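The structure under discussion appears below in the form of structure tokens.
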Amino acid sequence: MNSFPAKYHRLETVPVPVGEVMVGGGHPVVLQSMTNTSTMDTAATVAQSMRLVDAGASLVRITAPSVKAAENLQEIKTALRRKGYRVPLIADIHYQAKAAEVAARIVEKVRINPGNYTDRSVPGKKTFSDADYQAELERIHSRLKPLVQVCNTYGTALRVGSNHGSLSQRIMSRYGNSPEGMAVAAMEFIEILEDLGFHKIVVSMKASNPRVMVYSVRRMVAMMQAHGRVYPFHLGVTEAGNGREGRIKSAVGISSLLEEGIGDTIRVSLTEAPEKELPVAALIAGHYGEMTSAKEPLSVSLPVGHTAYRGRMNKHEHPVWAIPSEVPPPAISWITVTTPSLSEDLLRAVAGDERLGVILDLSRATALCPYRTLFAQLARLEREVFVMLKADFGSLPKEELYVKAARLFGFFLLDGLGDGVMASSRVISDEALYPVLLDLLQASRVRISKAEFIACPSCGRTQFNIEKALEEVKKATSSLKGLTIGVMGCIVNGPGEMADADYGYVGAGRGKVALYKGQQQVANNVPEEEAVQRLLELIERDTPS
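Quick note on the numbering used here: the sequence shown kicks off at 98 and runs consecutively.
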């Protein structure tokens, strides 16, 4: 059994100022996005930053892949201020730790890549003694110290954390590529920063798999609570992709945590123009601005969690159902409930009739945590009860429907609660609604119906047309059910953050692409115009005829 919140209770976090914007400490959820222009193109980056602010961003992140790019952040900041835009800037550092120290003198927040501070991987090394472990922690302490000194001097905040697939060899040796390993790695950095007298910290736990992201954040919350200081969380499903799938995947992961009161700033990562991320982020966060936090948390115990998942993805004889209509399956007798718990009479009725299932109608639900009480009641019965999650979305426009469906259904499905989803809409036909529900089930990792795509939103490091490439790859491979394909802008995020991918299409320079099978590069410097066909040939060679 694991304990889960049964009321909406906003997690109390340390308030962290990022320029004039407060993150955490009970302040409203902050929306942010990231430019995808070249940082050395000052005019283009300034123009796009302005568009992001106009679209609703309170924070703007800009890549700084070199010291020279980090220095140019001053030109960008000065130009924005001249135009009346006082938005706090975040420098995204990946390649050079020195660039972080330069950027920290200019911008309000720096996002660091832990890989710049941990030891490089040693081929073949699989075990680390306690002495090895401690020695690397001491080296990280030494490497971080110069940056922390600059941040303390200039009042700059730091974003630290873990990305699934980018954990150090040392962490992997003990915890594997797991939510636990992600949380341990992030906690190490926090303890080192605190030892250096630094507390302006924002934490992120990023994964392209919403379930991994949610579980790692929950684990991180527990560790920080035990530690005695909880820093604010940056939430996002990294490399979510584009279109309907990207919106649903992002909303499933981010909303599931916001429902539990976790999350202080969010970014929706779409492989589209970054301005398109903000309306989606606003839809996700907007629901929680109106919710009232309970004074005290309340928990229930459920037989689910990342070590006891009860999902049905591999139970081919009983897959999770997707029903785009008001008509439930006829083989089961149903009772419909709209309340977060069952009365004693209903509970006895369900317990005594093997053919009786429950339709949980969430159409008017606001806070979702209380409905875990119903699942806790059913879990105590001596039989498994089929639970159909239902919602009528009325006249909601498509994009709002995607986000609301992801929130209402994904919240339960990520933990293996619910055996089917049933939806209706006055705007979308049943025929058009069915693939929406399948996308939602796939994002929740309970039913796989087509190829899965991991795609980064791109940034100033990307040197090919990633939006076009993603569409071409999806068109050519979406029917390959069960495969996961990564389309990544550069080698920084590529191999690591597509850790779950069977194949990868990764930027390798201007107009050039590297192809991967798993984590192994199998072709490099492939011309962009040939890369999709080469990827298909690679997949076909591995597919039994």
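In this text, a Cβ means the ideal position worked out from N, Cα and C, and glycines have one as well. Predicted model only: the values in this text are computed from it and were never measured.
Check: Name, in chain order, the residues that DSSP records as bridge partners for R208.; Outcome: D189, R256
Check: Roughly how far, in whole angstroms, is the beta-carbon of V365 from the beta-carbon of E356, given that I think they are within contact range, below 8 Å?; Outcome: The Cβ separation is near 16 Å, so there is no contact.
Check: Since D151 sits in a beta bridge, which residues does DSSP pair it with?; Outcome: Per DSSP, none; premise fails for D151.
Check: By alpha-carbon positions, which one of G294, G358, D292 ends up nearest to V314?; Outcome: G358
Check: Are the segment 489-496 and the segment 467-475 in contact at 8 Å, needing three or more beta carbon pairs?; Outcome: no
Check: Going straight from the alpha carbon of I551 to that of Y385, what length do you get?; Outcome: 28 Å
Check: How about the segment 318-334 and the segment 568-577: do they share at least three Cβ pairs that are nearer than 8 Å?; Outcome: no
Check: Look at the Cβ atom of I187, then the Cβ atom of K206, and state whether they are nearer than 8 Å.; Outcome: yes
Check: Which ranges does the alpha helix (DSSP H) cover as unbroken runs of at least 4 residues, wholly within the segment 575-635, from first to last along the chain?; Outcome: 591-594
Check: Once the 5 residues before and after A141 are set aside, which same chain residues still bring their CB inside 8 Å of it?; Outcome: T134, S135
Check: With a threshold of 16 other CB atoms inside 10 Å of the CB of G517, please say whether the residue is buried or exposed.; Outcome: buried
Check: Am I right that E109 and V257 are in contact with their C-beta atoms under 8 Å? What's the rounded C-beta distance?; Outcome: That belief does not hold up - the Cβ atoms of E109 and V257 are roughly 20 Å apart, past 8 Å.
Check: Could you check where the beta strand (DSSP E) with V165 kicks off and where it finishes?; Outcome: The sequence given here places Lys at residue 165; Val does not occur at that position. Per DSSP, K165 belongs to no beta strand (DSSP E); it is in the alpha helix (DSSP H), 164-179.
Check: Beta carbon of T139, beta carbon of E172: below 8 Å?; Outcome: yes
Check: Let's see if you can read the secondary structure: which residues bound the beta strand (DSSP E) around R158?; Outcome: 156-160
Check: So, is S226 buried or exposed, given that buried needs 16 or more other C-beta atoms within 10 angstroms?; Outcome: exposed
Check: Quick check: the Cα distance between W545 and E369, rounded to an integer number of angstroms?; Outcome: Going by the sequence as given, residue 545 is Ile instead of Trp. When rounded, the distance between both Cα atoms is 24 Å.
Check: Note down the Cα distance separating A378 from D189, rounded to an integer number of angstroms.; Outcome: 20 Å
Check: Note down, in chain order, each residue of its chain lying with its Cβ closer than 8 Å to the Cβ of A228, except the 5 sequence neighbours on either side.; Outcome: none
Check: Taking DSSP as the reference, what is the three-state secondary structure of K412?; Outcome: Confidence is the limiting factor: at K412 the pLDDT is only 36, short of 50, which leaves the residue's position unreliable, though a coordinate-based value still follows. DSSP places K412 in coil when its eight states are reduced to three.
Check: Is it buried or exposed, A361, if we count other Cβ atoms within 10 angstroms and call 16 or more buried?; Outcome: Here residue 361 is Asp; the residue named in the question, Ala, does not match the sequence. D361 comes out buried.
Check: Which residue spans inside the segment 455-507 form an unbroken alpha helix (DSSP H) run of at least 4?; Outcome: 469-476
Check: Out of M321, P371, V309, state which residue places its alpha-carbon closest to the alpha-carbon of K346.; Outcome: V309
Check: Can you list, in chain order, the residues of its chain whose CB lies under 6 Å from that of A405, leaving out five sequence neighbours each side?; Outcome: Low confidence applies here, because A405 scores a pLDDT of 40, under 50, leaving its location unreliable; read the following figure in that light. Excluding residues within five positions, none has a Cβ falling inside 6 Å.
Check: Identify which residue in A476, D458, R477, L475 has its Cα closest to the Cα of A502.; Outcome: D458
Check: Using DSSP's beta-bridge definition, name the partner residues of H384.; Outcome: None; H384 has no bridge partner.
Check: Taking Cβ positions, are V434 and V299 nearer each other than 8 Å?; Outcome: no
Check: Using CA coordinates, which residue listed in N210, G340, G121, V484 is at the minimum distance from E496?; Outcome: G340
Check: Consider the Cβ of E198: report whether some Cβ of chain C lies at a distance smaller than 8 Å.; Outcome: Annotation note: the requested chain C is absent from the structure, which comprises a single protein chain.
Check: Would you mind sorting I563 into buried or exposed? The rule is 16 or more other CB atoms within 10 Å of its CB.; Outcome: buried
Check: Which of the three DSSP states, helix, strand or coil, is assigned to N249?; Outcome: helix
Check: Out of V120, K104, S398, which has the shortest C-alpha to C-alpha gap to V111?; Outcome: V120
Check: Going by the DSSP bridge assignment, what does Q129 pair with across the sheet?; Outcome: L156
Check: If you reduce the DSSP assignment to three classes, tell me which class E374 lands in.; Outcome: helix
Check: Considering only C-alpha positions, which residue in the set L177, R631, Q539, E168 is nearest to Q193?; Outcome: E168
Check: When we look at the beta-carbon of L478 and count the other beta-carbons within 10 Å, is it buried (16 or more) or exposed?; Outcome: exposed
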